[in-house]
Amino acid sequence: MKKTYKIALIAGGFCMIVGLLMAGISFVTNCAGSDDDFSLKNLSNTKYADRSFRIVGDFDGISVDVASEDVTFIKTDGENRVEAHVDEDKKITVDVRDNILYVRSDNENFKMFSFGTEETYIKVYLNSGKSDKDLNIDTASGDVYIESGFGFGNMKVSTASGDVKTLGTKAETFEVSTASGNVYAENVEINGAAVMSSASGDHTVIDSTFGSLKSDTSSGDAKITGTTVKGHFERNSSSGETGISKTTTDTFRGDSTSGDLVFEKFDAHRLHIETSSGDVNGTFISGKIFTVDTSSGDIDVPRDEGTDVCEIETTSGDVNIKIA
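Just so we're on the same page, the working numbering is the position in the sequence shown counted from 1, plus 2.
#1: So, using beta-carbon positions, are GLY284 and VAL311 closer together than 7 Å?
#2: Closer than 6 Å by C-beta to THR249: which residues in its own chain qualify, once you throw out the five before and the five after it? Chain order, please.
#3: For VAL30, which residues from the same chain have a beta carbon less than 6 Å from its beta carbon, with the 5 sequence-adjacent residues on both sides left out?
#4: Leaving aside the five residues before and after THR206 along the sequence, list all residues of the same chain whose C-beta is less than 6 Å from its C-beta, in chain order.
#5: Assign VAL146 to one of two classes, buried (16 or more other C-beta atoms within 10 Å of its C-beta) or exposed (fewer than that).
#6: In angstroms, rounded to a whole number, what distance separates the CA positions of LYS172 and VAL231?
#7: Report the residue from GLY222, ASP257 and ASP79 whose alpha carbon sits nearest the alpha carbon of ARG237.
#8: Going by C-alpha to C-alpha distance, which of THR175, ASP204, SER160 and VAL197 sits closest to ASN184?
#9: Compare the C-beta of LYS49 with all C-beta atoms of chain B and state if any pair is closer than 7 Å.
#10: Can you give the beta carbon distance from GLY164 to SER150, rounded, assuming they're within the 8 Å contact cut?
#11: Just to confirm, is the Cβ distance from LYS77 to GLY155 under 7 Å?
#12: Between which two residues does the beta strand (DSSP E) holding VAL321 run?
#13: Span of the beta strand (DSSP E) holding LYS216?
#14: With distances taken from CA atoms, which of ALA196, SER70, SER247 and PHE55 is nearest LYS127?
#15: To test your reading of the DSSP string, which unbroken beta strand (DSSP E) runs of 3 or more residues are found completely within the stretch 166-217?
#16: Note down, one range per segment and in chain order, each alpha helix (DSSP H) of at least 4 residues found wholly within the stretch 53-99.
#17: Suppose the cutoff is 6 Å on Cβ atoms and the five residues either side in sequence are ignored; what does the same chain contact list for VAL158 look like?
#18: Have a look at GLU266 and SER288 and give me their C-alpha separation to the nearest angstrom.
#19: Taking Cβ to Cβ, would you say ARG83 is nearer than 7 Å to THR95?
#20: What number of angstroms, rounded off, separates the C-alpha of GLY280 from the C-alpha of THR219?
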């Protein structure tokens with residue numbers, strides 16, 4: 003086959019695909035904006051159902067394992083219960099076994115081609131917010147939201163694309179793992195270790211307290227504000243940016259490839275920071291004994307003061323630190 007003929011075939015196929023896509027977009031847009039009784043819901047082949055379950059029996063732990071449903075924990079003055087808005091083909095199981103509350107969602111009749119337009123959710127209502135119950139939540143794409151006032155023992159949340167948000171939560175340990183989902187924690191109090199791990203998801207922590215804190219991302223950013231870490235604070239990223247303000251810790255380690263680290267009124271007794279091309283900028287609360295090693299980056303740090311130690315290593319990244 004001649005080269006020009008192959009190119010013509012490829013170009014023709016590409017144009018056909020683009021044309022079909024544009025026609026589909028135009029159809030949905032025009033129909034959705036027309037006066038006819040039409041919306042995107044008319045394209046859905048999924049039917050939904052509302053379900054409610056009473057939680058019967060005492061339990062020392064909670065395990066939630068769902069697929070695409072959002073999961074919310076809500077305090078209530080009424081009875082413990084679970085409410086769900088899901089695909090009618092989903093089987094929801096709520097039971098207490100071996101002192102563990104289990105909440106599950108499973109597809110009874112799997113559809114190869116299905117299109118749904120409504121948000122599905124599972125809401126867990128508990129009348130006792132503060133406890134030492136362990137909490138384990140596992141989702142694929144669903145978001146996780148824990149309202150203020152809850153207390154747990156060991157807390158573990160795992161999701162792929164879903165976001166995780168917790169407000170005013172107290173726990174012994176806190177472990178969150180996401181792929182692209184964001185993690186947001188505000189006014190949380192973790193007595194022990196807190197570990198947040200994401201690929202492209204961002205981490206945001208505001209006005210919280212931790213025994214120790216570790217934030218790992220690849221391209222995701224991290225913003226830590228108004229937080230106290232009693233022990234060790236570790237921040238690792240590849241290209242993700244790091245912003246830490248009005249935060250104190252005992253020891254700090256920051257590792258980054260190309261992402262910058264920016265500090266504002268940050269303090270630690272001992273700091274070790276390594277970057278390749280990422281810059282290190284900002285202000286510390288108290289003086290330090292500085293050791294800075296860079297290949298081609300510019301360096302601007304205060305004169306040595308006090309007994310706290312700050313070690314910074316970069317390849318081409320600039321270093322600019324001041325004492326607030």
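Using N, Cα and C, we set each Cβ at its ideal position, and we do this for glycine too. Please read these numbers as outputs of a predicted model, since none were measured by experiment.
Based on what the coordinates show:
#1: Position 282 of the sequence shown, counted from the start, is the residue given in the question as residue 284. Position 309 of the sequence shown, counted from the start, is the residue given in the question as residue 311. It is not a contact, given that the beta carbons lie outside the stated cut-off.
#2: One-based indexing of the sequence shown puts residue 249 at position 247. Once the five neighbours on either side are set aside, the close Cβ partners of THR249 are ILE226, THR229 and PHE268.
#3: Within the sequence shown, numbered from 1, the residue matching residue 30 stands at position 28. Because the pLDDT at VAL30 is just 45, under 50, the model does not fix this residue reliably, and the value given afterwards should be weighed accordingly. None.
#4: Locating residue 206 in the sequence shown gives position 204, where the first residue counts as 1. The answer, listed in chain order, is TYR186 and LYS225.
#5: Taking the sequence shown and counting its residues from 1, one reaches residue 146 at position 144. The residue is buried, with at least 16 neighbouring Cβ atoms inside 10 Å.
#6: As a first step, residue 172 must be located in the sequence shown, where it is residue number 170. As a first step, residue 231 must be located in the sequence shown, where it is residue number 229. Near 15 Å, if we compare the C-alpha coordinates of VAL231 and LYS172.
#7: As a working note, residue 237 is residue 235 in the sequence shown. Checking every option, the nearest Cα to that of ARG237 belongs to ASP257.
#8: The residue you call residue 184 lines up with position 182 of the sequence shown. Cα-wise, what sits closest to ASN184 is ASP204.
#9: No chain B is present in this structure, which holds just one protein chain.
#10: Your numbering for residue 164 matches position 162 in the sequence shown. Your numbering for residue 150 matches position 148 in the sequence shown. That pair is no contact at about 20 Å.
#11: The residue labelled residue 77 in the question sits at position 75 within the sequence shown. The residue labelled residue 155 in the question sits at position 153 within the sequence shown. Going by C-beta atoms, LYS77 is not nearer than 7 Å to GLY155.
#12: Taking the first residue of the sequence shown as position 1, residue 321 is located at position 319. First-last of the beta strand (DSSP E) with VAL321: 321-325.
#13: Working through the sequence shown from its first residue, we reach residue 216 at position 214. Looking at the DSSP string, the run of the beta strand (DSSP E) that includes LYS216 is 211-218.
#14: Counting from 1 along the sequence shown, the entry for residue 127 is found at position 125. Just to set this straight, residue 127 is Tyr in the shown sequence, not Lys. Of the candidates ALA196, SER70, SER247 and PHE55, the one whose C-alpha sits nearest the C-alpha of TYR127 is PHE55.
#15: 166-169, 175-179, 185-188, 191-199 and 205-208
#16: none
#17: Stepping through the sequence shown from its first residue, residue 158 is reached at position 156. Per the sequence presented here, residue 158 reads as Lys, with Val not at that position. Cβ neighbours of LYS158 beyond the five flanking positions: ASN138 and GLU177.
#18: Counting from one through the sequence shown, the residue named residue 266 turns up at place 264. Counting from one through the sequence shown, the residue named residue 288 turns up at place 286. When rounded, the distance between both Cα atoms is 12 Å.
#19: Within the sequence shown, the letter at position 81 stands for residue 83. Within the sequence shown, the letter at position 93 stands for residue 95. No, Cβ-Cβ distance for ARG83 and THR95 is not below 7 Å.
#20: Position 278 of the sequence shown, counting from 1, holds the residue named residue 280. Position 217 of the sequence shown, counting from 1, holds the residue named residue 219. Their Cα atoms are separated by approximately 15 Å.
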